[in-house]
Structure formats: C-alpha cells, structure tokens
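Below is one structure, written out as structure tokens; comments come after it.
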Amino acid sequence: MSETMEASYGLPREVKFCKRCVMSNQRPSSVIETKHKHASKKPTIVFDEEGVCSACRYADIKEKINWQEREKELKELLDKYRRNDGYYDCVVPGSGGKDSGFVAHLLKYKYGMNPLTVTWAPHLYTDIGFRNLQSWIHSGFDNILVTPNGKVHRLLTKLSFDNLLHPFQPFIIGQKIVAPRFSVLYNIPLVFFGESAVEYGNNIEEADCPTMALDFFTGEGDLSKLIVGGVSAKELVKDGKISLNDLNPYLPIPMKDLKRTGTVVHYFSYYYKWDPQEHYYYAVENTGLEANTERTEGSYSKYCSIDDKIDPFHYYTTLIKFGIGRATYDAAQEIRNNKITREEGVSLVRKYDSEFPKKYFKEFLGYIDINEERFWELTDKFRSPHLWQKENGQWRLRCQVS
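Structure below.
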C-alpha cells in the first residue's frame, strides 16, 4: 500500500464490511471520552473468521439468552433498592426519546419503581425534541433538566470540532456523567442506562456484565490527564479560557463519593432484549413520543436522535473520519433486529449515508463560531487517505458496502 494510503487513527488499512449487516471494520468502539486526543488510536469492531462483526454475533447470543431468567434478576435487583417512603429509588437519564421513555415507563408502571429522570440538555433543541421531552414528563415523571453554561459548552464544542472533528464530545461527556452525579447528589444508588455498547460492536466479553465500567464517569481530578476538546483541562484553566468551576459538569466523579452513595449503573439491555424499533412503538403508545415529519438527513429514519440540531454533524463527522454515516448505524441495527434485510440495508446506505446535513448547517456554524470555508478546511484535514479519494474535484469513498 502506498504512502498516501496510510490509515489515520490506527484504523485497519483494509476496509471490510460485515457479511450479515452493513457495518465496516472501521467502526470505532466506545471509549472514555476524557482520554481522547487527536492522535489517539481507536479500538474498532471485531470481525471473526467468517467475516461477521461482533455486534451481529451478539445478536445471535441474544436469541439464546433466557430472558425470563434475566427478568427475575431484574426483579431481584429492583427489590434490593426499592423504597417505601416515597423517595426516588432509581435514576434514569434520557431525553424522552424512544429508549429512555421505554426504560423509565417500564420501571415505573410495570415494576413499581419511583424513578427520577435526568436530562443533559442538547446543544440546540429541535422543536420535536423539546416536545418529546415535555410529553415524557407529562406521562408521569419527575425530571431534572441540566443545561450547562452555554458559553462554556460552545467553547468546548468548538475545540472538539477544531481539534478532533468531534463536535458531540462535550455532550457525550456530560451525558455519561449526569446520572451518576445525581445519584450522588440525591443519594439514589441505583442508576439505569439503556443499552450496553456491546449491542453495537464493543468487546463481546462485556455481554455478561450488567453494569457500566466505572472508568466512564469516575476519576480523581488530575486535570493534566482530563482531556476535553483535545486539550487538557489543566491547560484550559491555565490559559484563562475557562475556570475550574466552569468545568464542573464535565469532571469525573470522585470514587469516594460513589462509594459513599453506593452508586451502581446498570444496563437495562442486560435484562430486556433490546430492540429500538419496538421501543419506539412502546413510547408512542405510552409516553406520547412523536416521530419527525421528515426523515433525518443522512439516513432514512424519522425517530432516532432527533432532539439536537447538532446531532447530524456528529454523524457526518464520523462519516468523514471513519467512512461510516448515520444510515449505516441505523441500517446495521435494524438488520440485526430483523426489521430489514441486508439487501435493503445496502440500498439505504448507498442512497443516504453520504448526504450532507444542510438543514441546520448555518446554525451549527454560528454555534461554534466558524465560517463555511473553515468548516470544509477542517473536514478535509480529518479525512483518512485510505478511505477517501478525490475525483473531478469531489471526494468519494474508496470502498462502499455492497
């Protein structure tokens, strides 16, 4: 392979596509965001000797799990933490979308728990996203909406785009931390997240673990090791761009605080067979969820991640860096859940995956305070040579799913 075909980010040089779904071997695994630097090498999804990705293999495992036994485990867990004094007995983070709506509603109305729901606010709310949050609340839930300092959040988002081409990083950091933080603040030990990343291709050895690794939301406060937007927190504070107080919502939670509360974070997907489309139907029926009136740019879906105007640029930047757009993510999970065939998935990916999200483009540029020229300059800088080539002045992916 020539010098110009080097793979960035430690990605596999040879692009392969799963024989079952449409995911490529370039898909990065979920990592601890506060360790993410520009030159960080990305662990990626694993393909076996038959050319099948680990997410599809986990889908096979799900078919063999005794879900009635898993539900018994869930009931035992809930009975351990259930309160009879009227106080909250679990924390459920979410936006009021299909998954958080499904989890919170089942916990309260099927299992008799008293969840406190916590929402880490989007960068820029969409109208449909805010309506769905309100519908969720009005279907019977107490909710705390945490909106970080707008000036700071914009700066961190800008740095994340400039240094990492990862504008969603500040949101992801806050979203991971907010529920365990309120577990500590409100002395509610039990926290439920939705699905484990093993559903999408993280290490399949995590499949038998019902809890989230503490590394995702805990730490001891060494600012030189805490990286946000590709810059250490120590450097940000030293430069006077923001104060330590400003960074508080993004800081990992000290282990001593978690131990004092006894905080544990469980994945609901360990106990219930995870199926996003079925969650959508459930949430429409029970929490007033509305789908969008138009499909999401870059995909064919109308109901996944529709609450943030910046969300489309999160998926567009994954397309630029890893050759994987939003339609790939949507189609891959729907193939695994037997909602569409691989042939249909291939067609959808080839039609929509590379679509540019123009609807909120000007608002995104304004939010991170750059012009269009700078946007494209940075975007092109982060393209990996082994994924992209220029033909007649237009960028094209070297390899596409078929």
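Here the numbering used here runs 4 ahead of the position in the sequence shown, where the first position is 1. Each residue gets a CB set at the ideal place from its N, CA and C atoms; glycine is no exception.
Does the beta carbon of residue i sit closer than 8 Å to a beta carbon anywhere in chain B?
{"i": "THR48", "result": "The displayed structure is made up of one protein chain only, and chain B is not part of it."}
What is the DSSP secondary structure of residue i, reduced to helix, strand or coil?
{"i": "ASN252", "result": "helix"}
{"i": "ASP226", "result": "coil"}
{"i": "LEU391", "result": "coil"}
{"i": "CYS60", "result": "helix"}
{"i": "LEU218", "result": "helix"}
{"i": "PRO47", "result": "coil"}
{"i": "SER187", "result": "helix"}
{"i": "VAL235", "result": "strand"}
{"i": "SER28", "result": "strand"}
{"i": "ILE246", "result": "coil"}
{"i": "ILE257", "result": "strand"}
{"i": "ALA11", "result": "coil"}
{"i": "ASP103", "result": "helix"}
{"i": "THR38", "result": "helix"}
{"i": "PHE365", "result": "helix"}
{"i": "GLU359", "result": "coil"}
{"i": "SER406", "result": "coil"}
{"i": "ASP83", "result": "helix"}
Taking the Cβ atom as the reference point for each residue, do residue i and residue j lie within a distance shorter than 8 Å?
{"i": "ASP312", "j": "GLY133", "result": "yes"}
{"i": "ASN206", "j": "SER44", "result": "no"}
{"i": "ILE324", "j": "ARG400", "result": "no"}
{"i": "GLY233", "j": "LEU128", "result": "no"}
{"i": "TYR271", "j": "PRO214", "result": "yes"}
{"i": "VAL95", "j": "ALA183", "result": "yes"}
{"i": "ILE192", "j": "LEU120", "result": "yes"}
{"i": "PRO256", "j": "GLY178", "result": "no"}
{"i": "PHE71", "j": "GLY100", "result": "Checking the displayed sequence, the identity of residue 71 turns out to be Trp instead of Phe. No. Outside cutoff."}
If you draw a straight line from the C-alpha of residue i to the C-alpha of residue j, how long is it?
{"i": "VAL195", "j": "ASN118", "result": "12 Å"}
{"i": "ASN341", "j": "LEU240", "result": "44 Å"}
{"i": "ARG74", "j": "LYS362", "result": "44 Å"}
{"i": "PHE326", "j": "ASP93", "result": "40 Å"}
{"i": "LEU293", "j": "TYR190", "result": "28 Å"}
{"i": "ASN29", "j": "GLY397", "result": "27 Å"}
{"i": "TYR307", "j": "PRO280", "result": "10 Å"}
{"i": "VAL405", "j": "LYS20", "result": "8 Å"}
{"i": "GLY329", "j": "ASN88", "result": "47 Å"}
{"i": "SER228", "j": "LYS68", "result": "45 Å"}
{"i": "ARG346", "j": "PHE175", "result": "32 Å"}
{"i": "TYR91", "j": "ASN153", "result": "29 Å"}
{"i": "MET5", "j": "GLU18", "result": "Because MET5 carries a pLDDT of 37, less than 50, the predicted location of this residue cannot be relied on, and the following value inherits that uncertainty. Each residue's Cα considered, the two are about 10 Å apart."}
{"i": "ALA11", "j": "PRO389", "result": "6 Å"}
{"i": "GLU301", "j": "GLU377", "result": "21 Å"}
{"i": "CYS60", "j": "GLU210", "result": "14 Å"}
{"i": "GLY144", "j": "ASP243", "result": "45 Å"}
{"i": "TYR13", "j": "PHE221", "result": "24 Å"}
{"i": "ASN147", "j": "GLU395", "result": "51 Å"}
{"i": "ARG24", "j": "ASP52", "result": "12 Å"}
{"i": "LEU3", "j": "SER200", "result": "The first residue shown for the chain is 5 and the last is 406, placing residue 3 beyond what the model contains."}
{"i": "TYR276", "j": "LEU137", "result": "23 Å"}
Any idea which residues DSSP pairs residue i with across the strands?
{"i": "VAL195", "result": "VAL95 and VAL269"}
{"i": "LEU401", "result": "TRP392"}
{"i": "PHE21", "result": "SER28"}
Could you pull out every unbroken beta strand (DSSP E) segment of at least 3 residues lying fully inside the region 259-307, listed in chain order? DSSP runs (the beta strand (DSSP E)) wholly in the region 259-307: 268-271.
I'd like the ranges of any alpha helix (DSSP H) spanning at least 4 consecutive residues and lying wholly in the region 110-175. Within the region 110-175, the complete alpha helix (DSSP H) runs of at least 4 residues are 131-142 and 154-168.
Could you give the uninterrupted runs of the alpha helix (DSSP H) lying entirely in the region 312-336, keeping only those of 4 residues or more? Counting only runs of 4 or more, we get 315-326.
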